[in-house]
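These notes are about the structure you will find just below.
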C-alpha cells in the first residue's frame with residue numbers, strides 16, 4: 155500500500171467516521187478523551203474536542219451534520235455539532251462499544267458490551283432521546299443494520315452472529331462460528 159501522509163492525533167486512536175463528503179475525518183482518541191477533526195484534503199488536524207468519556211465508537215448523521223460518540227466511563231452518548239465543533243448534547247443510554255445509524259428512520263443503535271448483560275439502546279436522533287433498551291447477553295459486540303432493518307450483532311462468547319428484531323427485542327442466531335474465532339467488528 156502507498157502511504158500518502160501521516161496525521162498525528164491523540165493517544166490510542168481506535169475508530170473514525172467520515173463527514174462533509176469525506177473531506178473531514180473524526181477520530182476517537184480513547185486515552186486522551188478527545189475527538190480529533192482532520193481535514194482530509196490538507197491532511198491536518200483542524201480541531202480537537204474534549205469529551206467526558208473515553209471514546210470507542212463514532213457515527214455521523216450527515217443529514218443533521220452531527221456526530222454521536224460512545225465509549226467507556228459513563229452510560230451516555232455524546233452529541234457533537236460537526237460544523238460548530240462542539241458538544242451540543244448528551245443522551246443517557248449505555249456505554250457505547252459499537253454503534254450504527256439509520257438516518258432515514260432517524261434511529262441510532264448503541265451497543266454496549268458487558269460481562270454481565272450487554273444491552274442495545276435505540277435512540278431517536280430527531281429528538282436525541284432514548285426510545286428502547288434491550289438486553290443482548292454477555293460479551294456481544296459490533297452492530298450493523300441491514301437494508302431490511304435487521305440488526306446484526308456479534309456474540310464473541312458463543313462465537314455466533316445474531317440478529318435482533320429492533321421492534322420485539324427477539325434475538326436469533328444466524329451463523330455459528332468455529333473456536334477460537336473472536337468476533338469484534340462487522341461491516
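Numbering (the working numbering), first residue to last: 155 to 341.
Even for Gly, the Cβ is constructed at its ideal location relative to N, Cα and C.
Small disclaimer: the values here were computed from a predicted structure and weren't measured.
Closest by CA to residue i, which one among the options?
{"i": "residue 296", "options": "216, 303, 274 and 328", "result": "274"}
{"i": "residue 180", "options": "163, 312 and 298", "result": "163"}
{"i": "residue 207", "options": "176, 320, 191 and 251", "result": "251"}
{"i": "residue 313", "options": "327, 166, 169 and 225", "result": "327"}
{"i": "residue 228", "options": "219, 216 and 205", "result": "205"}
{"i": "residue 185", "options": "324, 225 and 284", "result": "225"}
{"i": "residue 244", "options": "230, 235 and 290", "result": "230"}
{"i": "residue 280", "options": "217, 254 and 291", "result": "217"}
{"i": "residue 253", "options": "169, 271, 325 and 188", "result": "169"}
{"i": "residue 188", "options": "157, 155, 176 and 239", "result": "239"}
Which value, in whole angstroms, describes the spacing of the CA atoms of residue i and residue j?
{"i": "residue 159", "j": "residue 194", "result": "10 Å"}
{"i": "residue 237", "j": "residue 286", "result": "29 Å"}
{"i": "residue 249", "j": "residue 222", "result": "12 Å"}
{"i": "residue 300", "j": "residue 256", "result": "10 Å"}
{"i": "residue 213", "j": "residue 171", "result": "6 Å"}
{"i": "residue 182", "j": "residue 197", "result": "17 Å"}
{"i": "residue 174", "j": "residue 241", "result": "18 Å"}
{"i": "residue 283", "j": "residue 315", "result": "28 Å"}
{"i": "residue 211", "j": "residue 330", "result": "26 Å"}
{"i": "residue 178", "j": "residue 201", "result": "11 Å"}
{"i": "residue 209", "j": "residue 220", "result": "16 Å"}
{"i": "residue 298", "j": "residue 161", "result": "28 Å"}
{"i": "residue 318", "j": "residue 288", "result": "9 Å"}
{"i": "residue 291", "j": "residue 233", "result": "26 Å"}
{"i": "residue 259", "j": "residue 324", "result": "20 Å"}
{"i": "residue 320", "j": "residue 235", "result": "27 Å"}
Compute every distance between the C-beta of residue i and the non-hydrogen atoms of the ligand GTP, then say whether any falls below 8 Å.
{"i": "residue 219", "result": "In terms of ligand content, the structure shown is empty, and the ligand GTP therefore cannot be addressed."}
For the putative contact between residue i and residue j, defined by C-beta atoms under 8 Å, what is the C-beta separation to the nearest angstrom?
{"i": "residue 247", "j": "residue 277", "result": "6 Å"}
At what residue ranges does the region 206-252 contain a whole run of the beta strand (DSSP E), taking only runs of 3 or more? 208-215, 220-226, 230-235 and 240-246
Sufficient close CB pairs (3 or more, under 8 Å) joining the region 298-307 to the region 248-268: yes
Ignoring anything shorter than 4 residues or poking outside the region 302-332, list the alpha helix (DSSP H) runs there in chain order. none
At which residue ranges does the region 159-189 contain complete beta strand (DSSP E) runs of 3 or more residues, listed in the order of the chain? 167-173 and 178-183
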